[in-house]
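Read the structure below first, then the notes.
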Amino acid sequence: MKLARLVLLISLLAGPSLQAATTVVRGPYLQSATPTSMVVRWRTDNTEASVVSYGTERNQLTSTAKSEGIVTEHIVHLANLQPNTRYFYAVGPVPLMPPANPNAPVAAKKAEAEDAPGRAAVSSFTTPPPVGPAKPSRIWVLGDPGTKNAVQKAVRDVYYKFTATRATDLWVMLGDNAYPDGTDADYQRAVFDIYPETLRTSPLWSVLGNHDGKSANSLTQSGVYYEVFTFPTQGQAGGVMSGTEAYYAFDYANIHFVCLDSHDSDRSANGAMMQWLKADLAATQRDWIIAFFHHPTYTKGTHDSDKDNDSAGRMNDMRAIFLPVLEQGGVDLILTGHSHVYERSWLIDGHYGKSDTFVAAKHVKQKQDGRADGEGAYRKPRRRTPNFGEISVVTGSAGHASAKPVPLNHPAFYLSLNEAGSSVIDVDGAKLEFTFLNDKGEKRDWFTIVKE
Amino acid sequence: MVGPAAEIGLSPCPAVGAKSAASCGTFIHFPRLAGSLGSVRCFILPWRACRQAITALLLGTAALRAHPEIEAALTRLNSAIAAAPENAELYLTRGDLYAKHDAWIPAEANYLRAAELAPLLPGLARARGALALSTQDFHGAMAHLNQALELSPTDAEAMILRVGAWVALGNRSGGLADLEAALKLLPSPGPELFLTRAALHVSPADAIASLDAAMARIGLAHTLQLRALELEEAHGHVDAALRRLDTLARQSERRETWLKRRGDLLTRAGRHAQARTAYADALAAIESLPDWLRDSPDSVALAAELARLAAPQPPSSS
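Rendered as structure tokens:
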């Protein structure tokens, strides 16, 4: 009895301090980056205010941004930022005051800011450059990563070693980010626990996959996927305003990204997503157009784009309905996942049927391997030219490759591999270089597109 | 497809040969109700003739072989059901899994089992309503969805599903009431729901007003503005249509196609001088593009057409 009273007394006394010891259990992570704004999100185990302290010097986080309410799910919009500028930031319930001694040595000031009691660690991000002019850009692409297993971690670590100190300007998930059901717990373990460093330093963009769709609904914009992510619905990151996070666009330097919902939005030729896509493609002035969505237009991996019943016809829809519009709009690169393999096409155009209707002489626009150190890079005119050809890449093995043998014999592909891995895109002005790294750290494919 | 469903955009499935693993019938796709809610593909099931197959599927003895990605989930559920065969929620979950993959027969069988065990299980009536819509049993769907909303009056998903049933039964106003109620409940509905709401209005003025209300709520989403423009044009509201075109042009980095459309609209309205000004503005918009866009084949073709349209008309010979 005495012991029970003692425990009660201790808990009463300790209560307020325990209450104050709020822990960040998710993030921080970066969303909806534009040259002048960034959304910072994080989750705490207890409710508290949402404050981001930030500045361009690690030890001078003199600006603050807040959002209303006392919450556990924190979403703070940082506005009026400078383009292409590195910002340091910390999240917490109160503004992080500047260090007491501004004249202290840099190392001491850094330690002071990072080690202040009750403060979250200081992280940093670099805002996107002004839209339009070229800037060397690195993009990490992960398809179907969310297995939570050793393969996912190996793929991650290979990329980290590959990129080393080169910053990742943005990263893209092609759906099925969190197996098996895209629940909040799945997202915690498959995304937030796996990539904490990249999440707090590089803005993440995504499209909905079928496994994410088990816990989300595009029509109502509800469910875990839509709660976890903040994507631009108002065209604020570039492109035409879609009004939905299910499909949207954004610009980074001289690249225009088009993100489509191949899983849960209307894929009909006169549907809202198609109307928006046509307007968006017609409006962009960027040099490069990269489209990404979950369901591949062509695959002979763990899915078969020739089978009408595979994925309830979604691959057919994306190939027969959306691909012609993308090609007409001058798309350069199409990234998809869903099939847990790596498949990469030649520079192709105009193939909207089953694989047995693919005619290389008709559909392959350039027959070389696309390698600057091989048969030569793919070359496209800089002036936007409809139907000049695009590279289609299925890179859906960031979490696992197929455990069983798969055909890998679609004739649209130059190369098909049943290997786990992720892809890297480097854009430098008129040159786009693409690399596929497998989970063993091997560079298994690469190609270059040059605009001239 | 004819009748009220077609009028609001419910149409035969455009998917190229989309048939499910379990299918041998006709699909109808409800594009305005896309998604897991309203991926309402309708399939006439001869399921009473297939009781043996249903039993096998209910017990998980026939996995969806055409959908390897769900085999693992199915295996987990089968094991859980084997361990707790009286757990109605597990049957509901397994039914949902089948339904998400358009396997209506085993979905129905699992829902029926769940209903036997727990008739008032949360979410069950809604799931059965969705399935009934999928099998074109609209009266059955209405009954299940009524029950779902009696049990949970703020279930927006059930309301949206019931819109499909109302419309299929020819009752637009019922559908509109449900959709309005659902939109009030949803924090950030997508534009498709607002387009559906506009389509349910009989009066064009009401439809346009509903689109304006939607844009006041979620922003000037392109598809909503475009639909409003189409309605204004179709009903001869030239100046209102011009204002919407101006908004669309301001939202676009490339204004030339919207200015061309402005010129076309003015031409149809007999306002030729204004039309030529619009065409000239479109031409100027092309001229202001960077050369690599100005010289693209599309731009070159459009510029040639605009130059012709913007040219002063020769005086009439009469």
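Going down the list, the sequences are from chains H and C.
With the first letter of the first sequence counted as 1, position 275 gets the number 1329 in the working numbering; the numbers rise by one all the way through.
With the first letter of the second sequence counted as 1, position 5 gets the number -2 in the working numbering; the numbers rise by one all the way through.
C-beta atoms are modelled at their ideal positions from N, C-alpha and C, and glycine is treated no differently.
Which of the three DSSP states is assigned to residue i in this structure?
{"i": "residue 1261 (chain H)", "result": "coil"}
{"i": "residue 1269 (chain H)", "result": "helix"}
{"i": "residue 1119 (chain H)", "result": "strand"}
{"i": "residue 1352 (chain H)", "result": "coil"}
{"i": "residue 1420 (chain H)", "result": "strand"}
{"i": "residue 1295 (chain H)", "result": "coil"}
{"i": "residue 1462 (chain H)", "result": "coil"}
{"i": "residue 1248 (chain H)", "result": "coil"}
{"i": "residue 1303 (chain H)", "result": "strand"}
{"i": "residue 1206 (chain H)", "result": "helix"}
{"i": "residue 1365 (chain H)", "result": "helix"}
{"i": "residue 140 (chain C)", "result": "helix"}
{"i": "residue 1216 (chain H)", "result": "helix"}
{"i": "residue 202 (chain C)", "result": "helix"}
{"i": "residue 1442 (chain H)", "result": "coil"}
{"i": "residue 215 (chain C)", "result": "helix"}
If you draw a straight line from the C-alpha of residue i to the C-alpha of residue j, how long is it?
{"i": "residue 1408 (chain H)", "j": "residue 1475 (chain H)", "result": "27 Å"}
{"i": "residue 299 (chain C)", "j": "residue 307 (chain C)", "result": "16 Å"}
{"i": "residue 1091 (chain H)", "j": "residue 1126 (chain H)", "result": "22 Å"}
{"i": "residue 1222 (chain H)", "j": "residue 1192 (chain H)", "result": "5 Å"}
{"i": "residue 1425 (chain H)", "j": "residue 1381 (chain H)", "result": "22 Å"}
{"i": "residue 276 (chain C)", "j": "residue 1283 (chain H)", "result": "41 Å"}
{"i": "residue 312 (chain C)", "j": "residue 230 (chain C)", "result": "Past the edges of chain C, shown from -6 to 311, lies residue 312 (chain C), and the structure says nothing about it."}
{"i": "residue 1104 (chain H)", "j": "residue 1078 (chain H)", "result": "11 Å"}
{"i": "residue 125 (chain C)", "j": "residue 193 (chain C)", "result": "22 Å"}
{"i": "residue 226 (chain C)", "j": "residue 274 (chain C)", "result": "21 Å"}
{"i": "residue 1288 (chain H)", "j": "residue 266 (chain C)", "result": "35 Å"}
{"i": "residue 1351 (chain H)", "j": "residue 1400 (chain H)", "result": "14 Å"}
{"i": "residue 1477 (chain H)", "j": "residue 1195 (chain H)", "result": "5 Å"}
{"i": "residue 1317 (chain H)", "j": "residue 215 (chain C)", "result": "21 Å"}
{"i": "residue 40 (chain C)", "j": "residue 98 (chain C)", "result": "Its pLDDT being 32, under 50, residue 40 (chain C) is placed unreliably in this model, and the value from its coordinates should be taken loosely. In a straight line, the C-alpha of residue 40 (chain C) is about 6 Å away from that of residue 98 (chain C)."}
{"i": "residue 1469 (chain H)", "j": "residue 1412 (chain H)", "result": "16 Å"}
{"i": "residue 1430 (chain H)", "j": "residue 1500 (chain H)", "result": "11 Å"}
{"i": "residue 1232 (chain H)", "j": "residue 259 (chain C)", "result": "52 Å"}
{"i": "residue 1455 (chain H)", "j": "residue 1328 (chain H)", "result": "32 Å"}
{"i": "residue 1166 (chain H)", "j": "residue 1122 (chain H)", "result": "Confidence at residue 1166 (chain H) is low in this model, with a pLDDT of 45, below 50, so the placement of that residue should be treated as unreliable; the coordinate-derived value is given next. When rounded, the distance between both Cα atoms is 28 Å."}
Chain H beta carbons: is any one of them nearer than 8 Å to that of residue i?
{"i": "residue 59 (chain C)", "result": "Interpretation of residue 59 (chain C) is limited by its pLDDT of 43, a score under 50 that renders its predicted location unreliable; the figure taken from the coordinates is listed afterwards. True, the Cβ-Cβ gap to chain H drops below 8 Å."}
{"i": "residue 129 (chain C)", "result": "no"}
{"i": "residue 246 (chain C)", "result": "yes"}
{"i": "residue 157 (chain C)", "result": "no"}
{"i": "residue 215 (chain C)", "result": "yes"}
{"i": "residue 204 (chain C)", "result": "no"}
{"i": "residue 182 (chain C)", "result": "yes"}
{"i": "residue 65 (chain C)", "result": "yes"}
{"i": "residue 285 (chain C)", "result": "yes"}
{"i": "residue 288 (chain C)", "result": "yes"}
{"i": "residue 219 (chain C)", "result": "yes"}
Using DSSP's beta-bridge definition, name the partner residues of residue i.
{"i": "residue 1111 (chain H)", "result": "H:1114"}
{"i": "residue 1434 (chain H)", "result": "H:1505"}
{"i": "residue 1479 (chain H)", "result": "H:1193 and H:1488"}
{"i": "residue 245 (chain C)", "result": "Answer is none; residue 245 (chain C) lacks a bridge partner."}
{"i": "residue 1088 (chain H)", "result": "H:1091"}
{"i": "residue 131 (chain C)", "result": "Paired residue(s): none; residue 131 (chain C) is not in a bridge."}
{"i": "residue 1358 (chain H)", "result": "H:1354"}
{"i": "residue 292 (chain C)", "result": "Residue 292 (chain C) pairs with nothing; no bridge assigned."}
Beta-carbon of residue i versus every beta-carbon of chain C: anything under 8 Å?
{"i": "residue 1219 (chain H)", "result": "no"}
{"i": "residue 1298 (chain H)", "result": "yes"}
{"i": "residue 1206 (chain H)", "result": "no"}
{"i": "residue 1330 (chain H)", "result": "yes"}
{"i": "residue 1040 (chain H)", "result": "Here chain H has residues from 1055 to 1506 only, and residue 1040 (chain H) is not among them."}
{"i": "residue 1085 (chain H)", "result": "no"}
{"i": "residue 1307 (chain H)", "result": "no"}
{"i": "residue 1493 (chain H)", "result": "no"}
{"i": "residue 1439 (chain H)", "result": "yes"}
{"i": "residue 1378 (chain H)", "result": "no"}
{"i": "residue 1434 (chain H)", "result": "no"}
Just checking my contact of residue i with residue j at CB under 8 Å: how many whole Å lie between their CB atoms?
{"i": "residue 1521 (chain H)", "j": "residue 1130 (chain H)", "result": "Shown here, chain H extends from 1055 to 1506; a query on residue 1521 (chain H) therefore has no answer."}
{"i": "residue 1256 (chain H)", "j": "residue 1084 (chain H)", "result": "7 Å"}
{"i": "residue 1302 (chain H)", "j": "residue 1285 (chain H)", "result": "5 Å"}
{"i": "residue 161 (chain C)", "j": "residue 131 (chain C)", "result": "4 Å"}
Consider the Cβ of residue i: report whether some Cβ of chain D lies at a distance smaller than 8 Å.
{"i": "residue 211 (chain C)", "result": "In the structure shown, chain D cannot be found, because the protein chains are H and C."}
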